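Taking it in order: structure first as structure tokens, then the write-up.
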Amino acid sequence: MGALEKTLKVIAVAVLLFVVFIIASASIATQDIIYGIIFSAAVAVVVADLLIAKHTKPYNVKRWFWTITYAFYYFIVAEYRAHSDVIKRILHPRMPIKPGIVRVPFHVNTDYAIVTIANSITNTPGTVVVDLDTKRKYFYVHWINVKAPDEKTTFENISKMFEYFAKRIFD
């Protein structure tokens, strides 16, 4: 790998780490910015090759568009729907739940895409990924209200939209 590729990877990781640092510190004081730049750059030099396989991926404008679109979808649409559904079930006098573990297929190839889908499913109320079969490409998900155990229904109801975005961002 050439110096340019390594530099591009380090810059991409350092910028991301710096943004996370500033958000986490909730400060834009001069000393915090300086510390953030130093620590972000130092960590990026060490981990850039582990986090980024292809140096051009972080600079792809389409990927950033899909990442931002996914963030809006996830935090505004998916989370709202899931929380509303769980709240209705909790407040309902008979608590209408039909829990079970279902097999949900996935059709992505990269580890990042698989983890993104699994985290999205788990962080959405009412579903938790309890196991993963990468050879046969299945998530095993505990679902608060199993509508039907068939793979088409589970995919449509649990992971279809998450996979739609993960493919565009990572595959």
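Taking our numbering, the leading residue of the sequence shown gets -16, the next gets one more, and so forth.
Heads up, the beta-carbon is just placed ideally off N, CA and C, and yes, glycines get one too.
No experiment lies behind these values; they were computed from the predicted model shown.
query	result
Environment of residue 60 [buried if 16+ CB atoms lie within 10 Å]	exposed
Whole-Å CB distance - residue 173 paired with residue 11, under 8 Å assumed	Because the chain in this structure spans residues -16 to 154, residue 173 falls outside the shown range and cannot be described.
Buried or exposed (CB count within 10 angstroms, at least 16 for buried), residue 70	exposed
Residue 120 beta carbon less than 7 Å from that of residue 89	yes
Own chain, CB closer than 7 Å to residue 151, minus 5 neighbours either side, in chain order	49
Own chain residues within Cβ distance below 7 Å of residue 136, not counting five before or after	130
Within 7 Å, strictly: CB atoms of residue 105 and residue 98	no
Inter-residue spacing [alpha-carbon to alpha-carbon] between residue 15 and residue -6	19 Å
Chain-order list of residues whose beta-carbon lies under 7 Å from that of residue 149 (same chain, five-residue window excluded)	91, 96, 99, 100
Where residue 83 falls: helix, strand or coil (DSSP)	strand
Supposed contact pair residue 108 and residue 66 - C-beta distance, whole angstroms, cut 8 Å	6 Å
Segment limits, beta strand (DSSP E) that includes residue 125	121 to 126
Distance between beta carbons of residue 87 and residue 141, contact taken as under 8 Å	5 Å
Simplified DSSP assignment, three categories, for residue 112	strand
Inter-residue Cα distance where the pair is residue 75 and residue 127	14 Å
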